[in-house]
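Using UniProt numbering, read the sequence shown as starting at 1 and increasing by one per residue.
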Amino acid sequence: MREYKGPVPNNAQIKYHEEEMSAFMHFGMNTFTEVEWGNGKEKLEDFKLKHFDFDGYVKFIKEIGFKRLIFTAKHHDGFCMFDSKYTDHKITNTSYGKDFFAELSEACTKYDLDMGCYLSPWDVHENTYGTGEAYNRYYLNQLEEICNNPKYGNNGKFVEWWFDNAKDPRYKDQVYDFDLWIDAVKKNNPEMLLFGVGSRGGVHWLGNEMGYAPEENAPRLQKKEDMTIDYSTEFKSRDGHNENYVWSVPEADTCTTSGWFSHPEEKLKSVEELKNIYLKSVGRGAVLLLNIAPNKEGGIRQELKDNIIEFKNTINREFSNKLNEKFKITNTENNEGRTIIINIEDIKEQKINYIVLQEDIKYGSRFKEGYIFVNEERINIPSIGAKRIIKIDNNQYSEKAIYNIRIELNGEGRLILKEISIY
Numbered sequence: 001m002r003e004y005k006g007p008v009p010n011n012a013q014i015k016y017h018e019e020e021m022s023a024f025m026h027f028g029m030n031t032f033t034e035v036e037w038g039n040g041k042e043k044l045e046d047f048k049l050k051h052f053d054f055d056g057y058v059k060f061i062k063e064i065g066f067k068r069l070i071f072t073a074k075h076h077d078g079f080c081m082f083d084s085k086y087t088d089h090k091i092t093n094t095s096y097g098k099d100f101f102a103e104l105s106e107a108c109t110k111y112d113l114d115m116g117c118y119l120s121p122w123d124v125h126e127n128t129y130g131t132g133e134a135y136n137r138y139y140l141n142q143l144e145e146i147c148n149n150p151k152y153g154n155n156g157k158f159v160e161w162w163f164d165n166a167k168d169p170r171y172k173d174q175v176y177d178f179d180l181w182i183d184a185v186k187k188n189n190p191e192m193l194l195f196g197v198g199s200r201g202g203v204h205w206l207g208n209e210m211g212y213a214p215e216e217n218a219p220r221l222q223k224k225e226d227m228t229i230d231y232s233t234e235f236k237s238r239d240g241h242n243e244n245y246v247w248s249v250p251e252a253d254t255c256t257t258s259g260w261f262s263h264p265e266e267k268l269k270s271v272e273e274l275k276n277i278y279l280k281s282v283g284r285g286a287v288l289l290l291n292i293a294p295n296k297e298g299g300i301r302q303e304l305k306d307n308i309i310e311f312k313n314t315i316n317r318e319f320s321n322k323l324n325e326k327f328k329i330t331n332t333e334n335n336e337g338r339t340i341i342i343n344i345e346d347i348k349e350q351k352i353n354y355i356v357l358q359e360d361i362k363y364g365s366r367f368k369e370g371y372i373f374v375n376e377e378r379i380n381i382p383s384i385g386a387k388r389i390i391k392i393d394n395n396q397y398s399e400k401a402i403y404n405i406r407i408e409l410n411g412e413g414r415l416i417l418k419e420i421s422i423y
């Protein structure tokens, strides 16, 4: 049998895949100035937070089922939600006067919710931005203020760091010193996943903020020093089964509303929209990073809460009635395990909504190509990885009931499946 030479995930990556969804929190000066991107010239008196329900927010996130929360400690406006000694543009200089990040960390520690930190490298307030080394040192100082202080994070630890790699196009000389920053951020959190640094980070963006993963979404990236991702050529199931690729968790980020920060006129995404996002992210082997923005009053508006609860209940309902025991399922391996054929018979007009395939990713994602035949009509399987949800269009079979399903899968080396589930 041929040894598999493709990348395999580490423990932190496996854990993130298993969590399936994580929460994102954008809250700061932009919440009160009612913009998405600030200009760094905001007045401190514009930040009018009187109270924030930390326990209520974190408890809600935890009860929904999220295992981690990524918090925006500083967005592009440079306004710090923590007490940084390197800037005057910070929450502790407002009438609120307290270290928000430390308070949030305390609540996350209380409820044992893992934390990530989004500290934007792009800072339009800081006057050293654009100077190169001086700004890189400035960012490093703020990074170390957070990473080296046990009052930040869940019990002083972080599981993910968001660099974002956003830049001001006017300052071409501002080259970020990621080598310096990565060494510093991993000093106390060696297994931390890093977003925004290409194949070096262990997790990557999928090129949009709609929460959609591409149809073909193999969880690996080509090793590169320049940290770029070619979205037209990456993520191919047939490619990357060698030492030139690394495992990388596809992270699909989006909002539960029309923006990242809460605004009075925001539009809520419907439960159906959120369900569709789940199917096009988690259902394509990605992790869904879902932004849940608090409002000016320091909590989550009730309509948004209700939406998120109903979304989670909908997903639980859709995938609660497992039908495997109702059918005759046979599994055949050929070609030293590189080909797997699964036959699902005795369906007897039972309605089938989804077929879910999962590779045992601790051995890598060995899938190369595959198909599902429903009554001999072929459905392409572009990729599997941690999870692939194939939705069956029952309207297509309304005149003639489904009587047979055959799944054919081909892999590089022995293909190792974790589970096949029918709902």
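Glycine included, every Cβ here is placed at the ideal spot set by N, Cα and C. Every value quoted in this text rests on a predicted model; they were computed, and no experiment measured them.
Check: Range of the contiguous alpha helix (DSSP H) that encloses Phe27; Outcome: Where Phe27 is concerned, there is no enclosing alpha helix (DSSP H), given that its DSSP letter is neither H nor E.
Check: Assigned secondary structure, Asn343 (DSSP; H/G/I helix, E/B strand, else coil); Outcome: strand
Check: Neighbourhood of Arg301 by C-beta distance below 7 Å, restricted to the same chain and skipping five residues each side; Outcome: Asn295
Check: C-alpha distance - Tyr4 paired with Glu243, whole-angstrom precision; Outcome: 10 Å
Check: Neighbourhood of Glu377 by C-beta, 6 Å cutoff - its chain only, sequence neighbours within 5 removed; Outcome: none
Check: Cβ-Cβ distance between Leu288 and Met115 below 8 Å; Outcome: no
Check: Beta strand (DSSP E) segment containing Phe367, residue limits; Outcome: 367-374
Check: Cβ shell of Trp122 (< 8 Å), same chain only, five flanking positions each side left out; Outcome: His76, Tyr129, Asp164, Ala166, Lys167, Asp168
Check: Validate contact between the stretch 134-144 and the stretch 94-111 using beta carbons, cut 8 Å, 3 pairs; Outcome: no
Check: Nearest-angstrom Cα separation, counted from Phe66 out to Ile372; Outcome: 32 Å
Check: Minimum C-alpha distance to Val35 - residue among Trp260, Thr256, Tyr152, Glu251; Outcome: Trp260
Check: Candidates Leu274, Lys267, Met29, Gly385, of which the one nearest Pro7 by Cα; Outcome: Gly385
Check: Beta-carbon proximity list for Phe54, same chain, < 8 Å, skipping 5 on both sides; Outcome: Glu103, Leu104, Glu106, Ala107
Check: Spatially closest choice to Cys80 from Lys90, Thr72, Phe71, by CA coordinates; Outcome: Lys90
Check: Reduced DSSP category for Glu419 - H, G, I as helix; E, B as strand; rest coil; Outcome: strand
Check: Inter-residue Cα distance where the pair is Asn353 and Ile390; Outcome: 8 Å
Check: Exposure of Ile407, with buried meaning 16 or more beta-carbon neighbours within 10 Å; Outcome: buried
Check: 4 or more residues per run - each alpha helix (DSSP H) lying fully within the stretch 158-241; Outcome: 178-186
Check: Beta-ladder partner(s) of Ser22, from DSSP; Outcome: Leu289
Check: Under the three-state DSSP convention, the category Val282 falls into; Outcome: helix
Check: Paired residues, beta bridge with Tyr152 - DSSP; Outcome: The partner list for Tyr152 (beta bridge, DSSP) is empty, contrary to what the question assumes.
Check: Uninterrupted beta strand (DSSP E) stretches inside the stretch 237-279 (no shorter than 3 residues); Outcome: 245-247, 249-255
Check: Distance CB(Gly132)-CB(Gln174) smaller than 8 Å; Outcome: yes
Check: C-beta contact flag for Gly370 and Ile355 at 8 Å; Outcome: no
Check: Close-in-space but distant-in-sequence residues of the same chain around Gly40 (CB under 6 Å, 5 per side omitted); Outcome: Asp77, Gly78, Val124, His125
Check: Check whether Gly202 and Ala12 have beta carbons under 8 Å apart; Outcome: yes
Check: Beta-carbon spacing of Ala365, Ala213 below 8 Å; Outcome: The question names Ala, but residue 365 is Ser in the sequence shown. Going by C-beta atoms, Ser365 is not nearer than 8 Å to Ala213.
Check: Sequence-distant residues of its chain with Cβ nearer than 7 Å to Asn155 (five each side left out); Outcome: Thr109
Check: First and last residue of the uninterrupted alpha helix (DSSP H) at Cys108; Outcome: 100-110
Check: Rounded straight-line distance, which links the Cα of Arg414 to that of Phe319; Outcome: 28 Å
Check: Exposure of Tyr231, with buried meaning 16 or more beta-carbon neighbours within 10 Å; Outcome: exposed
Check: Spatial neighbours of Lys275 in its chain, beta-carbon cut-off 6 Å, leaving aside the 5 residues before and after; Outcome: Thr314
Check: Alpha-carbon spacing of Ser281 relative to Arg388, whole angstroms; Outcome: 9 Å
Check: Exposure label - Thr233; buried when at least 16 CB within 10 Å; Outcome: exposed
Check: Phe327 vs Glu349 beta-carbon contact at 8 Å; Outcome: no
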